[in-house]
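Engineer: One structure is given below, represented as structure tokens, and several questions about it will come after.
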Amino acid sequence: MALTPVQPQTPAFTAGMSALAGGFAGIFVGTANGSTGLGLAIGAVLLGALGFIFSALYKQEKPARWGVLALFVILGVAMAGIPGAVMGALFGWVFGWFIFWIATGNYRSKLPPYATSGQVLWHFTFRVICGAIFVFLITPILVVMPLSFNAEDFFTFTPEMLQFKAEGYSLKHYRDFFTNDDWQQALWNSVAIAPAATVLSVGFGTLAAIGLSQPHVPFRRAIMAILISPMIVPLIISAAGMYFFYSRIGLQGTYVGVVLAHAALGIPFVIITVTATLVGFDRSLTRAAANMGADPVTTFFKVQMPLILPGVISGGLFAFITSFDEVVVVLFVGSAGQKTLPWQMFTGLREQISPTILAVATILVVISIALLTTVEMLRRRSERLRGMSPS
Amino acid sequence: MTLRKFTAALATSALVAPAAFAADMADELTLVSWGGAYQASQQKAYVEPYLAANPDVKIIWDESSAEAVAKLRAMNEAGNITWDLVDVVASDSMRLCDEGLAMELNADEDLAAAPDGTPASEDFGDLLVSDCFAPQIVYSTTFGYRTDMVGDTPPSSICDVFDLEAYPGKRSLQKRPIDNMEWALYCDGVAKEDIYDVLGTAEGVDRALAKLDTIKDQVVWWTAGAETPQLLADGEVVMGSTFNGRLFSAIAEQGQPIGMLWDMQSFDLDGWIVPEGLPEDRKARVMDFLKFATDTQRLADQAKYISYGPARKSSAPLVGMHAELGIDMAPHMPTDPANAGNVHIYDYEWWADNRDDLDAKFQAWLAK
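In order, the protein sequence lines correspond to chains A and B.
The numbering of the first sequence is numbering that gives the first Met the number 0, which starts it at 0 and goes up by one.
The numbering of the second sequence is numbering that gives the first Met the number 0, which starts it at 0 and goes up by one.
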């Protein structure tokens with residue numbers, strides 16, 4: 000049961016709101032086709048007219064929405080063929096829904112009845128802004144994915160691809176990634192270096208976090224600041240410093256050197272996440288364990304470790320991604336023999352714009368999503384265990 | 000006294016020494032190059048036959064030629080040279096040689112003679128532009144255009160790049176003053192032989208920039224050789240400059256609708272340098288590889304994979320067909336008489352002296 004009385008809006012209001020939405024969408028369509036102003040004007044006029052018609056003259060929701068959908072599909076085909084039709088259908092569906100959402104007054108149904116017009120407007124404007132930020136952050140990543148199935152050796156949507164013909168698509172860039180020696184060597188280097196660096200980061204980072212959470216340790220804040228500094232200092236500065244230092248002691252251009260450098264970059268992430276979990280850790284548990292005769296090492300592994308494990312694992316995942324994605328430090332500290340995936344992608348982008356990079360990027364995005372999903376699930380589990388959220 | 004004997008002994012040991020070292024060569028060799036199709040041609044023409052003859056050697060590629068000068072400086076400062084042989088353009092070889100970061104070579108001793116016995120110094124001739132440089136190829140920076148975007152009269156002169164009325168649309172140019180300034184002056188009516196004299200004056204620089212100003216808002220500036228082929232393939236630009244081998248690859252291997260504009264192509268050289276300060280065993284391996292990789296047959300073989308002209312005179316008659324496409328490579332070479340009718344000889348020495356100054360002015364102009 001809705002708290003707020005829902006009443007139909009005037010045609011003028013519906014037309015105005017629709018024109019606003021149409022103009023907003025028109026800006027992007029217009030810019031993509033070369034004229035921002037024209038797109039804005041056409042979008043506003045078209046949607047304003049539709050809004051007026053459906054709120055004043057023809058109020059049958061179902062046929063009207065199908066009509067809008069059909070109109071936009073036709074417009075889309077006229078502008079850009081089959082892909083245009085897909086985009087048109089999307090726009091048509093959204094606009095059809097939008098006009099009636101405004102016209103029937105449904106947009107107020109979930110808001111408190113005392114909200115003023117200004118508050119209602121801000122409520123939805125805020126959502127549009129959030130949505131726009133989300134779209135602009137995500138679209139570049141999504142665009143890369145279909146391009147990685149390109150049958151040509153360029154970053155181009157070919158006419159065949161846009162018409163969804165099978166010959167426009169191919170897995171050859173994925174095949175190149177899995178058969179080309181350079182990419183395979185880079186992949187194995189990454190797969191060898193990242194876990195080693197993660198193990199070191201997790202080990203040292205967890206110990207440091209536990210040590211620094213003891214109240215009696217002197218200079219805790221200063222030590223913490225130094226350990227966190229690789230995250231704050233510009234990467235290029237750490238990289239140049241490590242290059243000269245590692246060259247002197249013979250670690251430059253070795254696997255050990257790259258692993259140590261990446262471990263130093265990963266430690267701050269582990270310290271931060273583990274410190275955060277330790278805040279909710281009840282110290283009386285360790286005292287109870289000591290009381291029962293457990294030595295500190297047993298206490299750590301039997302009592303403390305299981306409880307802070309989610310923090311340790313999520314810190315470890317961040318350390319892993321840091322090493323797996325890192326290009327600046329490895330360019331300095333590594334030599335060609337330790338070429339990692341990001342290094343290979345970096346040189347590939349600069350010298351040879353090959354869609355193999357897009358195939359690799361797609362694979363890496365999928366891996367990153369899988370890892371971050373794991374982190375999120377662990378975080379929820381930890382909250383459930385600590386009773387912070389109902390499950 | 001025994002001074003004569005002593006020198007004789009020294010000479011003998013000098014003769015024997017290389018043979019003794021030959022047995023003591025490092026097994027690993029790090030080659031630095033540009034990546035892409037060019038590095039692939041080096042892999043096929045030089046490295047694969049070398050590995051067939053020396054199966055114990057391991058060769059590692061590092062695609063870092065673009066920052067070779069900066070990295071070699073850092074390596075030298077850190078006292079840790081990790082590269083063995085570095086592929087650089089002629090002007091970089093001069094800088095590295097002047098700074099003592101590259102080893103001086105003796106062409107006749109360190110590089111193989113031609114099959115007919117002509118010493119390397121004559122076979123390479125004028126292309127040995129620096130004492131540290133072992134040239135491999137002649138390439139050119141030239142223009143490609145979209146055949147389907149230029150109407151019925153494709154561009155035939157460099158000045159068509161500056162003609163926005165006949166050829167409307169974006170063009171891509173390299174983000175540096177070299178070549179662009181010369182082309183601008185040439186199209187502003189300066190005779191070819193006077194270009195560097197005019198460019199040497201403040202008014203000349205302003206004149207070149209004023210000419211570039213006429214197309215500035217239609218220019219996409221590139222820094223990597225792969226950008227222009229990508230932009231042409233996308234139809235984002237109607238014409239653009241890049242290295243001729245990149246255009247050949249887009250046209251012949253990828254089948255893109257691109258045509259070549261060879262007028263006033265700018266010749267340049269690419270070759271090897273050996274970093275100064277290598278340990279003896281690695282140096283012995285590098286010199287062995289270098290001699291093999293720059294011999295007449297190897298340089299001619301490279302032209303099977305990429306349309307860059309071999310730097311040796313004796314290699315030219317051996318240039319044949321493309322290894323996979325089976326097309327005759329000679330007409331695609333920048334040095335082919337049909338393409339080299341009107342070429343721009345880029346003056347290394349002039350640019351070595353004026354580069355810093357003009358770079359600053361060019362960047363300031365770009366930012367305006």
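Backbone N, C-alpha and C define an ideal beta-carbon position, used for all residues, glycine too.
Hey, is A288(A)'s beta-carbon within less than 8 Å of any beta-carbon in chain B?
Structural biologist: The residue labelled residue 288(A) in the question sits at position 289 within the first sequence. Not an interface residue.
Engineer: Using CA coordinates, which residue listed in L348(A), F99(A), L264(A), F123(A) is at the minimum distance from K109(A)?
Structural biologist: Translated into the one-based positions of the first sequence, residue 109(A) becomes position 110. F123(A) is the residue among L348(A), F99(A), L264(A), F123(A) whose C-alpha sits nearest the C-alpha of K109(A).
Engineer: Ignore the nearest five residues each way along the sequence and tell me which others in F268(A)'s own chain have a CB closer than 8 Å to its CB.
Structural biologist: Along the first sequence, read from residue 1 onward, the residue named residue 268(A) stands at position 269. Closer than 8 Å at the Cβ level, and outside the excluded window around F268(A), lie S200, G204, M230, G314, F317, A318, T321.
Engineer: Buried or exposed: Y57(A), going by 16 or more other Cβ atoms within 10 Å of its Cβ?
Structural biologist: As a position in the first sequence, residue 57(A) is number 58, starting the count at 1. Flag for Y57(A) reads exposed.
Engineer: Grab the span of the alpha helix (DSSP H) containing M180(B) for me, first residue to last.
Structural biologist: What you label residue 180(B) is simply residue 181 of the second sequence in a count that begins at 1. First-last of the alpha helix (DSSP H) with M180(B): 179 to 186.
Engineer: Where does V88(B) sit, in a helix, a strand or coil, going by DSSP?
Structural biologist: Counting from one through the second sequence, the residue named residue 88(B) turns up at place 89. The DSSP-derived three-state label of V88(B) is strand.
Engineer: Among the candidates T241(B), N179(B), A101(B), E98(B), whose CA atom is the shortest distance from the CA of T213(B)?
Structural biologist: Along the second sequence, one-based indexing puts residue 213(B) at 214. Closest option to T213(B), Cα to Cα, is N179(B).
Engineer: Taking the alpha-carbon positions, what's the S390(A) to P145(A) distance?
Structural biologist: Numbered from 1 along the first sequence, position 391 holds the residue referred to as residue 390(A). Numbered from 1 along the first sequence, position 146 holds the residue referred to as residue 145(A). The pLDDT assigned to S390(A) is 41, lower than 50, so where the model puts this residue is not dependable; a value taken from the coordinates is nonetheless given after this. Using only the alpha carbons, I get a separation of about 38 Å.
Engineer: Mind pulling the chain A residues with CB within less than 8 Å of A65(B)?
Structural biologist: Your numbering for residue 65(B) matches position 66 in the second sequence. Here the neighbours are R349, E350.
Engineer: Going by DSSP, what residue range makes up the alpha helix (DSSP H) through I136(B)?
Structural biologist: Within the second sequence, residue 136(B) is the residue found at index 137, counting from 1. Looking at the DSSP string, I136(B) is not in any alpha helix (DSSP H); the run it does join, the beta strand (DSSP E), is 133 to 145.
Engineer: Name, please, each residue of chain A whose Cβ falls closer than 9 Å to the Cβ of Q253(B).
Structural biologist: Along the second sequence, read from residue 1 onward, the residue named residue 253(B) stands at position 254. The answer, in chain order, is E151, D152, F153.
Engineer: Within 10 angstroms of its Cβ, does C131(B) collect 16 or more other Cβ (buried), or is it exposed?
Structural biologist: Stepping through the second sequence from its first residue, residue 131(B) is reached at position 132. C131(B) is buried by the Cβ-count criterion.
Engineer: In chain order, what residues of the segment 214 to 243 of chain A put their CB closer than 9 Å to some CB of chain B?
Structural biologist: So the close ones are A239, Y242, F243.
Engineer: Identify the continuous alpha helix (DSSP H) that holds T197(A) and give its terminal residues.
Structural biologist: Counting from one through the first sequence, the residue named residue 197(A) turns up at place 198. Per DSSP, T197(A) belongs to the alpha helix (DSSP H) from 180 to 211.
Engineer: Give me, in chain order, the residues of the same chain whose beta-carbon lies closer than 8 Å to that of W220(B); leave out the 5 immediate sequence neighbours on both sides.
Structural biologist: Mapped onto the second sequence, residue 220(B) falls at position 221. Once the five neighbours on either side are set aside, the close Cβ partners of W220(B) are S171, L172, Q173, K174, L365.
Engineer: Could you name the residues of chain B that G252(A) contacts, counting a contact when the two beta carbons are closer than 8 Å?
Structural biologist: Along the first sequence, one-based indexing puts residue 252(A) at 253. Chain-ordered, the chain B residues with CB closer than 8 Å to the CB of G252(A) read N79, T81.
Engineer: Pick out the complete alpha helix (DSSP H) segments inside the segment 28 to 52 of chain A, 4 residues or longer, and give them in chain order.
Structural biologist: 35 to 51
Engineer: By DSSP, does S171(B) sit in helix, in strand, or in coil?
Structural biologist: In the second sequence, residue 171(B) corresponds to position 172, counting from 1. S171(B) falls in the strand class under three-state DSSP.
Engineer: Taking Cβ-Cβ distances shorter than 7 Å, what residues in chain B pair up with S246(A)?
Structural biologist: Taking the first sequence and counting its residues from 1, the one referred to as residue 246(A) is at position 247. Neighbours of S246(A) on chain B, chain order: A77, G78, N79.
Engineer: By the DSSP assignment, the alpha helix (DSSP H) with I257(B) in it spans what residues?
Structural biologist: Within the second sequence, numbered from 1, the residue matching residue 257(B) stands at position 258. Taken as a continuous stretch (DSSP letters only), I257(B) belongs to no alpha helix (DSSP H), being part of the beta strand (DSSP E) at 257 to 272.
Engineer: Give me the Cβ distance between L104(B) and A77(B), rounded to the nearest whole Å; I'm assuming they're in contact under 8 Å.
Structural biologist: Locating residue 104(B) in the second sequence gives position 105, counting from the first residue. Locating residue 77(B) in the second sequence gives position 78, counting from the first residue. About 24 Å; that fails the 8 Å criterion.
Engineer: List the residues of chain A whose Cβ lies closer than 7 Å to the Cβ of A225(B), in chain order.
Structural biologist: For this step, residue 225(B) is matched to residue 226 along the second sequence. The answer, in chain order, is E350, Q351, I352.
Engineer: Going by C-alpha to C-alpha distance, which of S139(B), I326(B), D61(B), L298(B) sits closest to R245(B)?
Structural biologist: Against the second sequence, residue 245(B) aligns to sequence position 246. Of the candidates S139(B), I326(B), D61(B), L298(B), the one whose C-alpha sits nearest the C-alpha of R245(B) is S139(B).
Engineer: Taking the alpha-carbon positions, what's the D152(A) to Q301(B) distance?
Structural biologist: The sequence position of residue 152(A) within the first sequence is 153, counting from 1. The sequence position of residue 301(B) within the second sequence is 302, counting from 1. Near 22 Å, if we compare the C-alpha coordinates of Q301(B) and D152(A).
Engineer: Check this for me: beta carbons of P154(B) and M238(B), under 8 Å apart or not?
Structural biologist: Position 155 of the second sequence, counting from 1, holds the residue named residue 154(B). Position 239 of the second sequence, counting from 1, holds the residue named residue 238(B). Yes, they are a contact pair.
Engineer: Does any CB atom of chain B fall closer than 8 Å to the CB of S334(A)?
Structural biologist: The residue you call residue 334(A) lines up with position 335 of the first sequence. Yes, contact with chain B.
Engineer: Sort P309(B), A190(B), G116(B) by Cα distance to D412(B) and report the nearest one.
Structural biologist: Past the edges of chain B, shown from 0 to 367, lies residue 412(B), and the structure says nothing about it.
Engineer: With a threshold of 7 Å on Cβ separation, who are the neighbours of T163(A) within its own chain once the five nearest residues in sequence on each side are excluded?
Structural biologist: By 1-based counting over the first sequence, the position of residue 163(A) is 164. At residue 163(A) the sequence reads Phe, which differs from the Thr that was named. I81.
Engineer: For the alpha helix (DSSP H) containing D61(B), list its first residue and its last residue.
Structural biologist: Walking along the second sequence from the start, residue 61(B) turns up at place 62. It is not in any alpha helix (DSSP H) - D61(B) instead sits in the beta strand (DSSP E) that spans 57 to 61.
Engineer: Tell me the residue span of the beta strand (DSSP E) that contains W82(B).
Structural biologist: Residue numbering aside, residue 82(B) sits at position 83 when the second sequence is read from its first letter. Premise fails: W82(B) is in no beta strand (DSSP E) and is neither H nor E.
Engineer: Have a look at G168(B), Q135(B), M148(B) and flag the residue whose alpha-carbon is nearest the alpha-carbon of I257(B).
Structural biologist: Against the second sequence, residue 257(B) aligns to sequence position 258. The shortest C-alpha separation from I257(B) is found at M148(B).
Engineer: How should I98(A) be labelled, buried or exposed, when 16 other C-beta atoms within 10 angstroms of its C-beta is the threshold for buried?
Structural biologist: In the first sequence, the residue the question calls residue 98(A) occupies position 99. The residue in question, I98(A), is buried, as its Cβ has 16 or more Cβ neighbours within 10 Å.
Engineer: For P295(A), count the other beta carbons within 10 Å of its own beta carbon; 16 or more makes it buried, fewer makes it exposed. Which is it?
Structural biologist: In the first sequence, the residue the question calls residue 295(A) occupies position 296. Of the residues assessed, P295(A) falls on the exposed side of the cut-off, its CB having fewer than 16 other CB atoms within 10 angstroms.
Engineer: Please classify P7(A): does DSSP put it in a helix, a strand, or coil?
Structural biologist: The residue given as residue 7(A) occupies position 8 in the first sequence. Looking at P7(A) - three-state DSSP - the assignment turns out to be coil, as it is neither helix nor strand.
Engineer: Check the Cβ-Cβ distances between D196(B) and every residue of chain A, and say whether any is below 8 Å.
Structural biologist: Here residue 196(B) is taken as the residue at index 197 of the second sequence, counted from 1. Judged by the 8 Å Cβ criterion, D196(B) is not in contact with chain A.
Engineer: On a Cα-Cα basis, can you pick out the residue from P228(B), M286(B), P333(B) that is closest to A111(B)?
Structural biologist: Residue mapping note: residue 111(B) aligns to position 112 of the second sequence, counting from 1. That would be M286(B), whose Cα lies nearest to the Cα of A111(B).
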